[in-house]
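Reviewing the structure listed below.
Protein chains in written order, with our numbering: chain P, 1 to 142; chain E, 1 to 179.
The structure is reproduced here in structure tokens:
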């Protein structure tokens with residue numbers, strides 16, 4: 001609570017308009033609040049691991065939300081906030097990992113699978129096409 | 001030829017993947033800290049036992065130290081406390097505590113009743129120091145070298161085996177390499 005008040009004071013000291021924070025932790029400036037929601041949705045709560053810090057109730061998540069809010073009010077960009085988090089918690093903290101040499105396989109896997117699937121289909125189709133046409137019914141056995 | 005090689009190769013690849021993924025020794029929740037090898041984040045906190053005293057890592061520069069993150073709410077911290085007391089008695093390395101998400105009164109009571117293994121215990125009022133260190137639970141234990149760099153992080157309670165296997169060799173190497 002004290003932190004929110006402090007954040008609000010820090011914001012107004014910077015002269016940023018509407019950077020006050022209400023008791024629910026919402027930033028009065030709608031653009032900042034929208035970015036706040038977007039950023040906290042993309043940060044993983046490391047205690048619960050499959051929840052974002054926007055969704056989680058644990059104390060670490062609320063500490064991290066406060067951190068995000070303060071950085072937004074202080075004028076930091078989304079990327080600066082993500083970097084702050086990954087510098088401390090690693091790439092895992094992001095739900096949407098950036099494309100890097102380490103993650104290209106994750107991003108590329110769907111395309112690789114489509115290409116492999118296409119190759120298999122083409123080969124099977126060609127093979128079938130090369131078979132002799134044989135539509136005579138099998139002789140019935142009585 | 002290919003009809004034989006491709007399925008076998010696919011099988012071997014899958015077997016390796018499953019062996020790695022299903023290895024019971026692998027802790028899927030353990031997260032490697034990106035701070036290893038980097039400069040330990042600075043902190044300057046008041047001491048749990050004596051609020052007029054400061055616990056800061058600038059004062060520790062030049063020596064190898066261990067930072068242990070704990071809290072009275074943390075069940076497993078109670079489990080490792082006896083080992084911390086034993087470590088403190090060895091006088092190998094200064095043990096610094098970081099009291100995380102806690103109440104000063106409770107923490108003081110804990111240390112008075114169970115014994116205080118720490119040279120100083122920083123009281124992290126609002127969790128900011130913990131965020132800077134990438135803490136996401138307790139207990140977590142960091143080893144910092146004489147140059148102020150984080151050498152190693154261990155998550156979960158320290159046992160005598162862990163101390164001997166993971167910490168002591170790194171500590172003596174760091175102390176030998178001088179600072």
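All C-beta atoms, glycine included, are put in the ideal place defined by N, C-alpha and C. The structure presented is a predicted model; accordingly, all values stated were derived computationally and were not measured.
query: Suppose contacts are defined by Cβ-Cβ distances below 8 angstroms. Is residue 60/P in contact with residue 47/P by that definition?; result: yes
query: What does residue 92/P reach in chain E if we use C-beta pairs closer than 8 angstroms?; result: 31
query: Cβ of residue 123/P less than 8 angstroms from any chain E Cβ?; result: no
query: Quick one: which chain E residues come within Cβ less than 9 angstroms of residue 86/P?; result: 34
query: For residue 93/P, collect the residues of the same chain with a Cβ closer than 8 angstroms to its Cβ; drop the 5 residues on either side in sequence, then sort them by chain order.; result: 43, 44, 46, 85, 86
query: Identify the contact partners of residue 127/E in chain P, using a Cβ-Cβ distance below 8 angstroms as the criterion.; result: 59, 60, 63
query: For residue 183/E versus residue 142/E, is the C-beta spacing smaller than 8 angstroms?; result: The shown model of chain E, from 1 to 179, leaves out residue 183/E, and the question about it has no answer.
query: Would you mind stating whether residue 117/E and residue 85/E have Cβ atoms separated by less than 8 angstroms?; result: yes
query: What first and last residue would you give for the alpha helix (DSSP H) that runs through residue 8/E?; result: 2 to 21
query: How many angstroms separate the CA atom of residue 150/E from the CA atom of residue 138/E?; result: 17 angstroms
query: Quick one: Cα of residue 124/P to Cα of residue 109/P, how far?; result: 22 angstroms
query: Going by C-alpha to C-alpha distance, which of 114/E, 102/E, 87/E, 97/E sits closest to residue 126/E?; result: 102/E
query: Check whether the Cβ atoms of residue 121/E and residue 47/E lie closer than 8 angstroms to each other.; result: yes
query: Answer yes or no: does any C-beta atom of chain E fall closer than 8 angstroms to that of residue 16/P?; result: With a pLDDT of 47 at residue 16/P, under the threshold of 50, the modelled position of this residue cannot be trusted, and the question is left open.
query: For residue 90/P versus residue 67/E, is the C-beta spacing smaller than 8 angstroms?; result: no
query: How big is the Cα-Cα spacing for residue 14/E and residue 96/P?; result: 26 angstroms
query: Chain P beta carbons: is any one of them nearer than 8 angstroms to that of residue 1/E?; result: no
query: Determine the chain A residues that contact residue 132/E at a beta-carbon separation under 9 angstroms, and present them in chain order.; result: Judged by its chain identifiers, the structure shown contains no chain A, and its protein chains are P and E.
query: Have a look at 82/E, 61/E, 53/E, 7/E and flag the residue whose alpha-carbon is nearest the alpha-carbon of residue 158/E.; result: 82/E
query: Please check if any C-beta of chain E sits within less than 8 angstroms of the C-beta of residue 47/P.; result: yes
query: Measuring CB to CB, does residue 72/E end up less than 8 angstroms from residue 107/E?; result: yes
query: Quick one: list the residues of chain P neighbouring residue 136/E, beta-carbon separation under 8 angstroms, in chain order.; result: 46, 47, 60, 89
query: In or out: residue 75/P buried (at least 16 other Cβ within 10 Å) or exposed?; result: exposed
query: For residue 125/E, does the three-state DSSP call read helix, strand or coil?; result: coil
query: Give the DSSP-derived three-state secondary structure of residue 61/P in the structure shown.; result: helix
query: Taking the C-alpha atoms as reference points, what is the distance between residue 111/E and residue 54/E?; result: 17 angstroms
query: Taking 8 angstroms as the CB-CB cut-off, is residue 67/P touching chain E?; result: yes
query: If I measure Cβ to Cβ from residue 51/P and keep anything under 6 angstroms in the same chain, skipping five residues before and after, which residues do I get?; result: 45
query: Using 8 angstroms for Cβ pairs, my map puts residue 66/P next to residue 132/E. What's the rounded Cβ distance?; result: With a Cβ gap of about 14 angstroms, residue 66/P and residue 132/E do not count as contacting.
query: Where in the stretch 59 to 131 of chain P do unbroken runs of the beta strand (DSSP E), each at least 3 residues long, occur, reported from the N-terminal end onward?; result: none
query: So residue 53/P packs on residue 64/P, CB below 8 angstroms; how close in whole Å?; result: 5 angstroms
query: By the criterion of Cβ-Cβ separation under 7 angstroms, what are the contact partners of residue 101/E in chain P?; result: 59
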